[in-house]
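Using the numbering used here, you'd call the opening residue of the sequence shown number 17 and step up by one each time.
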Amino acid sequence: MIETEDVRTFTPDDPDDPGEPPFELFERLKKDIREAALTLTVEEARYLVDAYYQRQEARKRGENQCRAQDREPNRVLTWLADNDRRVETAIKGILGAHAERFPVGRWALAQYGIGPIISAGLLAHINIEKAPHVGHLWSFAGLAAGQDKKWTKGTKRPWNARLKVIMWKCGQSWLKFSGRPQCYYGHLYLERKTLLWEQNLAGKFQDAAGEKLERFKIGETTDARKWYTGCVTADAAHAWLEGGRESENGRTKIAFRAPGSGTIMLPPAHIDARARRWVVKLFLSHWHEVAFFVHFKKLPADPYVLSILGHADRIEYPGVDEVEGLGEAIVAAGRILM
């Protein structure tokens with residue numbers, strides 16, 4: 017594998033002459049680049065977030081191609097993958113410095129599972145002046161209840177597609193780190209998933225299952241359809257969840273029955289998606305409160321589900337000490353910290 021610093025003057029005619037190290041100048045410029053990050057505009061930060069994900073996907077494709085080859089991969093491919101990784105790291109540092117400039121950026125960075133790219137992405141895509149209520153953010157991120165039902169394929173989406181991807185990545189991060197004690201939102205994801213499974217086993221999502229079958233083409237032979245059509249008993253699903261039967265690839269497949277002989281339920285992937293969506297919306301409501309307080313010097317109104325519908329108690333969040341005066345304002349408003 018060729019080292020990246022050996023490639024600046026690499027040509028087919030002179031493959032072994034390393035010449036001047038290609039990243040020497042890049043390394044010298046790192047400090048200047050990070051200083052320039054302190055003056056990034058919203059548009060520039062948004063561009064860098066997109067550039068990071070594009071570079072990341074390009075690198076992954078290159079690495080997959082290298083691994084798929086039976087022989088030692090061409091040095092150009094490994095060189096390109098190394099370059100992409102270096103640029104990814106540089107962009108991450110730049111966006112981290114950018115996010116650190118803002119109190120809400122520092123708050124987001126303090127949440128386990130949220131890194132520089134997501135923190136900067138939220139700052140780049142959200143204008144708090146246009147979101148007086150968290151519901152505006154949920155809608156803008158494509159997370160509002162029933163929002164997808166109102167959108168007709170082929171027409172302009174009523175949400176920000178890039179922000180929606182960022183929020184999806186948040187959910188994936190908390191799924192990945194949910195087993196770590198310091199991952200607050202990961203623990204909430206697991207708690208929500210447990211609650212959803214209890215409701216699922218009790219048959220409380222039969223209407224949702226029917227709606228899914230009505231609105232989407234679910235393959236006749238797929239496992240998902242068998243869950244939606246009641247081919248699984250609640251007892252069998254419970255035993256599967258308990259992990260009583262393990263195989264090399266994890267839980268073994270459930271023995272499906274005839275449609276309607278079991279309980280109509282949502283499949284595991286659907287339950288997991290609901291749990292991740294719930295915790296992402298919760299995080300976004302916390303982010304909104306912090307950003308709103310920083311900008312307007314006051315707390316926003318409670319979400320509709322709390323102030324009007326009287327749903328479950330407010331769920332607090334860590335990191336309020338990252339924002340001067342926020343903790344005191346929460347206590348003064350009667351939104352007692354845990």
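Note that beta-carbon positions come from the ideal geometry of N, C-alpha and C, so glycine has one too. Here the structure is a predicted model, which means the values were calculated and not measured.
* So is Phe-312 buried or exposed if we call it buried at 16+ other beta carbons inside 10 Å? -> exposed
* Asked: Is Leu-191 closer than 9 Å to Tyr-205 when the C-beta atoms are compared?
  -> yes
* Around the C-beta of Ala-97, are 16 or more other C-beta atoms found within 10 angstroms, so that it is buried, or is it exposed? -> buried
* To do: Look up Phe-299 in the DSSP assignment and say whether it is helix, strand or coil.
  => helix
* Asked: Can you tell me whether DSSP reads His-311 as helix, strand or coil?
  -> helix
* Asked: To the nearest angstrom, how far is it from the Cα of Asp-288 to the Cα of Trp-213?
  -> 9 Å
* Asked: Could you give the distance in angstroms between the alpha-carbon of Arg-261 and the alpha-carbon of Ile-234?
  -> With a pLDDT of 46 at Arg-261, under the threshold of 50, the predicted position of this residue should be treated as unreliable, though the coordinate-derived value follows. If I take the Cα positions, the gap works out to 27 Å.
* Asked: When DSSP labels each residue in this structure, what does Ile-270 get in the three-state scheme?
  -> coil
* Asked: If Lys-180 sits next to Gly-195, beta carbons under 8 Å apart, how far is it from one beta carbon to the other, in whole angstroms?
  -> Wrong, their Cβ atoms sit about 26 Å apart, outside the cutoff.
* To do: Quick one: using the 10 Å Cβ neighbour count with 16 as the cut-off for buried, is Gln-127 buried or exposed?
  => buried
* Is the region 237-253 touching the region 272-284 in the sense that three or more CB pairs, one from each, lie closer than 8 Å? -> yes
* Asked: Any contact of the region 283-301 with the region 138-155, i.e. 3+ C-beta pairs under 8 Å?
  -> yes
* Touching or not, the region 75-86 and the region 129-143, by the rule of three or more beta carbon pairs under 8 Å? -> no
* Asked: How far does the alpha helix (DSSP H) with Ile-331 in it reach, from first residue to last?
  -> Segment: none, Ile-331 is in no alpha helix (DSSP H) and carries neither H nor E.
* Asked: Quick one, are the C-beta atoms of His-286 and Ala-240 less than 9 Å apart?
  -> yes
* To do: Would you mind sorting Ser-189 into buried or exposed? The rule is 16 or more other CB atoms within 10 Å of its CB.
  => buried
* Asked: For the alpha helix (DSSP H) that contains Trp-190, what are its first and last residues?
  -> 177-193
* Asked: With a cut-off of 8 Å, do at least 3 Cβ pairs link the region 116-124 to the region 335-353?
  -> yes
* Gly-219 versus Arg-62: straight-line alpha-carbon distance, rounded -> 43 Å
* To do: Measure the alpha-carbon distance for Val-347 versus Val-103 and round it to whole angstroms.
  => 44 Å
* Roughly how many angstroms lie between the CA atoms of Phe-308 and Ala-160, to the nearest whole one? -> 19 Å
* **Distance between Ala-136 and Ala-52 (C-alpha atoms, nearest Å)** => 15 Å
* To do: State yes or no: is the C-beta of Gly-112 within less than 9 Å of the C-beta of Cys-186?
  => no
* Given a threshold of 16 other Cβ atoms within 10 Å of its Cβ, counted over all protein chains shown, does Lys-12 qualify as buried or as exposed? -> Outside the modelled stretch of the chain, which goes from 17 to 354, sits residue 12, for which no answer is possible.
* Asked: To which residues of the same chain is Asn-265 closer than 8 Å at the C-beta, ignoring the five residues directly before and after it?
  -> Interpretation of Asn-265 is limited by its pLDDT of 49, a score under 50 that renders its predicted location unreliable; the figure taken from the coordinates is listed afterwards. Cβ neighbours of Asn-265 beyond the five flanking positions: none.
* Asked: Under 9 Å between C-beta atoms, does Thr-210 make it to chain D?
  -> Reference to chain D is not applicable here, since this structure consists of a single protein chain.
* Asked: If you follow the alpha helix (DSSP H) that Ser-277 is part of, which residue opens it and which one closes it?
  -> Careful: Ser-277 lies outside any alpha helix (DSSP H) and carries neither H nor E.
* Measure how close the beta-carbons of Trp-317 and His-149 come, nearest whole angstrom, since I'm counting them as under 8 Å. => Position check: residue 317 holds Ala in this sequence, whereas Trp was assumed. Right, the Cβ-Cβ distance comes to about 6 Å (below 8 Å), so this counts as a contact.
* Per-residue burial, Ser-323 [other beta carbons within 10 Å of its own, 16 or more giving buried] -> Here the model assigns Ser-323 a pLDDT of 41, short of 50, so the residue's position is not dependable, and the following value carries that caveat. Exposed.
* Straight-line gap, Arg-208 to Glu-88 (C-alpha atoms, nearest Å) -> 46 Å
* Asked: With a Cβ-Cβ cutoff of 9 Å, do Leu-282 and Lys-242 count as a contact?
  -> no
* Asked: Are the Cβ atoms of Ala-106 and Ile-49 separated by less than 9 Å?
  -> yes
* To do: For the region 46-121, list the alpha helix (DSSP H) runs that are entirely contained and at least 4 residues long, ordered along the chain.
  => 58-84 and 91-116
* **Cut-off 7 Å between Cβ atoms - residues of its own chain near Phe-224, not counting five sequence neighbours on either side** => Looking at the sequence itself, residue 224 is Ala, so the reference to Phe does not match. Cβ within range, chain order: Leu-282.
* Express the C-alpha separation of Val-92 and Arg-290 in angstroms, rounding to a whole number. => 43 Å
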